[in-house]
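Residue numbers (the UniProt record's numbering): 1 to 495.
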């Protein structure tokens with residue numbers, strides 16, 4: 001940006017020397033173990049020091065156990081997992097510690113053999129009840145018979161476990177049975193369950209691929225909670241039923257066992273179940289975290305199921321925040337030109353680095369431009385607004401006489417004045433140090449993009465393209481990286 005083109009009143013606010021302490025972090029607790037059986041045991045330790053009832057289910061076959069959470073919650077029972085042929089050692093030990101008077105086994109003898117029942121009875125527990133059926137649909141029906149009267153029912157696809165697990169916490173806490181269907185027709189056990197319970201309204205979980213329009217139209221007073229993916233379905237459930245909750249459980253969306261074991265604890269704590277990929281938080285999950293300002297997370301499973309990177313993203317205070325990254329100029333508008341550089345190229349290079357850092361950190365960055373194209377200033381503002389950006393960060397390079405040097409960051413007072421000033425200050429205090437340039441301070445500048453943006457906004461002038469020393473840094477990949485890191489840390493510091 002060329003200083004000599006600016007006929008704008010500017011107020012220098014001085015140099016702020018405050019250096020913040022270590023960044024604040026969200027709270028993340030991991031409940032893991034060497035196996036899914038140990039994860040379930042450790043979940044139970046988080047919620048139960050003793051239990052009069054324990055639910056036991058097969059840890060490697062999800063068909064029978066998708067609908068168990070409301071039953072377990074009714075009896076304040078943890079869900080523990082076992083192998084089919086024998087009572088798994090960690091589960092056996094945990095049952096002994098909990099000292100239940102009753103164990104409910106979910107599924108038929110193929111899912112949980114009579115050998116497992118015998119192993120349970122050898123622990124001195126004579127009251128072992130099995131809830132089975134000839135199919136997963138009949139198991140769900142038989143579980144619903146054990147629940148208290150409720151005119152509502154949840155309907156989910158019986159061959160797609162994610163939707164049932166996503167709604168499990170809500171259904172459990174509210175005593176709503178989870179009944180299963182195929183995508184194209186309602187099985188007889190499900191029809192019978194709705195008739196016997198007098199179901200008058202249904203919550204349909206999943207999109208039309210999971211539960212077709214035809215099935216939907218046959219259900220009593222249906223309301224659909226869908227989405228384009230399992231992550232979005234879970235996020236939409238959290239958005240609908242847990243918008244005021246600042247806490248959530250997070251589990252791998254492609255592995256059912258950990259979410260199943262955690263569903264009852266999530267219900268006890270009145271928290272939603274969100275899903276993630278193993279390596280990075282999906283956009284849908286980030287979005288609901290950011291929009292609901294969630295800051296406390298319980299991660300289910302070990303580092304293979306949910307990597308350390310996901311945990312770090314959850315810890316990061318910018319997780320789910322939408323940050324509009326504006327690379328100034330572009331296309332036929334080169335901006336300032338000098339010392340073999342075009343400002344538009346420098347701005348875009350740094351903006352791309354900022355975008356990558358924000359994305360890797362768990363935020364949702366939105367770039368004004370990711371290529372060498374021209375955008376009107378009003379287009380940039382409109383794009384930030386239409387994407388509901390939380391912050392607007394504009395990146396520029398300066399130009400004046402060859403002697404002018406240094407870094408400065410601007411904000412404006414029309415909207416979010418105090419927050420914009422704070423954002424500019426957080427960025428400026430890191431930027432000039434990272435670039436080892438003169439600190440020209442934080443200033444008020446009447447620039448369109450920060451004047452008209454309604455969210456907290458700042459405009460950073462990295463250094464002077466017209467100054468040979470500054471320009472050498474703007475040209476350097478190392479200093480572009482340093483500039484991007486400083487802006488990224490400034491955004492974190494703002495939060």
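From the three backbone atoms N, C-alpha and C, an ideal C-beta is built for every residue, glycine too. Remember, predicted model here, so these are calculated numbers, not experimental data.
*asked:* For residue 303, which residues in the same chain have their Cβ closer than 8 Å to its Cβ, ignoring the five residues on either side in sequence?
replied: 32
*If you run the structure through DSSP and keep just helix, strand and coil, what is residue 157?*
Strand at residue 157.
_C-beta atoms of residue 95 and residue 80 nearer than 8 Å_ = yes
*asked:* Whole angstroms are fine: how far does the CA of residue 226 sit from the CA of residue 72?
replied: Each residue's alpha carbon lies about 25 Å from the other.
*Determine the DSSP secondary structure at residue 297, reduced to helix, strand or coil.*
strand
*Which whole-angstrom value is the C-beta distance of residue 315 and residue 390, which I expect to be below 8 Å?*
Not quite, the Cβ-Cβ distance comes to about 18 Å (not below 8 Å), so this is no contact.
*In chain order, what residues of the same chain lie with their CB nearer than 7 Å to the CB of residue 256, ignoring the 5 residues before and after it?*
62, 161 and 165
_Am I right that residue 197 and residue 144 are in contact with their C-beta atoms under 8 Å? What's the rounded C-beta distance?_
6 Å
*Just the C-alpha distance for residue 412 and residue 308, rounded to the nearest angstrom, thanks.*
Taking the straight line from one Cα to the other gives about 39 Å.
*CB residue 428 to CB residue 442, shorter than 8 Å?*
Contact: yes.
*Distance, residue 259 Cα to residue 57 Cα*: 13 Å
*asked:* Only counting the same chain, and skipping five residues up and downstream in sequence, which positions put a Cβ closer than 7 Å to that of residue 332?
replied: For residue 332, same chain residues with a beta-carbon under 7 Å away, outside a window of 5 residues either side, are 374 in chain order.
*asked:* If the criterion is Cβ atoms closer than 8 Å, does the pair residue 336 and residue 406 meet it?
replied: no
*Would you mind working out which of 182, 466 and 45 sits nearest residue 218, comparing C-alpha positions?*
Restricting attention to 182, 466 and 45, the CA atom closest to the CA of residue 218 is found in 182.
*Where residue 70 and residue 185 are concerned, what is the direct C-alpha to C-alpha distance, given to the nearest angstrom?*
24 Å
_Which complete beta strand (DSSP E) runs does the region 285–329 hold, if anything under 3 residues is left out?_
296–300 and 322–327
*In chain order, what residues of the same chain lie with their CB nearer than 7 Å to the CB of residue 483, ignoring the 5 residues before and after it?*
350, 431, 434, 435 and 462
_Among 251, 65 and 343, whose alpha-carbon lies nearest the alpha-carbon of residue 474?_
343
_Those residues which DSSP pairs with residue 247 across a bridge_ = 296
_Alpha-carbon to alpha-carbon, residue 245 and residue 370_ = 35 Å
_Judging by CA-CA distance, which residue of 35, 107 and 84 is the nearest neighbour of residue 66?_
Residue 107 is the option with its Cα nearest to residue 66.
*asked:* Cutting at 8 Å between CB atoms, please list the residues of its own chain near residue 25, excluding the five before and the five after it.
replied: 315, 316 and 317
*State the Cα-Cα distance for the pair residue 497 and residue 273, rounded to the nearest angstrom.*
The first residue shown for the chain is 1 and the last is 495, placing residue 497 beyond what the model contains.
*Does the beta-carbon of residue 38 have 16 or more other beta-carbons within 10 angstroms, so that it is buried, or is it exposed?*
So residue 38 counts as buried.
*State the DSSP-derived secondary structure class of residue 440, mapped to helix, strand or coil.*
Strand.
_Coarse secondary structure for residue 21, derived from DSSP in three states_ = At residue 21, the pLDDT of 42 sits below 50, so the modelled position is not reliable; the number obtained from the coordinates is stated separately. If DSSP states are grouped into helix, strand and coil, residue 21 belongs with coil.
_Contacting residues, own chain, Cβ-Cβ under 6 Å from residue 129 (five flanking each side not counted)_ = 104
*Within 10 angstroms of the Cβ of residue 254, are there 16 or more other Cβ atoms? Answer buried if so, exposed if not.*
Around the CB of residue 254, fewer than 16 other CB atoms lie within 10 Å, so the residue is classed as exposed.
*Go to residue 231, then tell me how far its alpha helix (DSSP H) extends in each direction, as first and last residue.*
230–241
*Take the Cβ of residue 180 as the centre, count every other Cβ of all protein chains shown within 10 Å, and call the residue buried at 16 or more, exposed below.*
So residue 180 counts as buried.
*Which same chain residues, not among the five before or five after residue 377, have their C-beta less than 7 Å away from its C-beta?*
448 and 449
*Return the CA-CA distance between residue 513 and residue 93, expressed in angstroms with no decimal places.*
The structure shown does not extend to residue 513, since the chain spans only 1 to 495, so no value can be given for it.
*Where does residue 498 fall in DSSP's three states?*
Here the chain comprises residues numbered 1 to 495, so residue 498 is not present and cannot be evaluated.
*What's the gap between the Cα of residue 123 and the Cα of residue 91?*
12 Å
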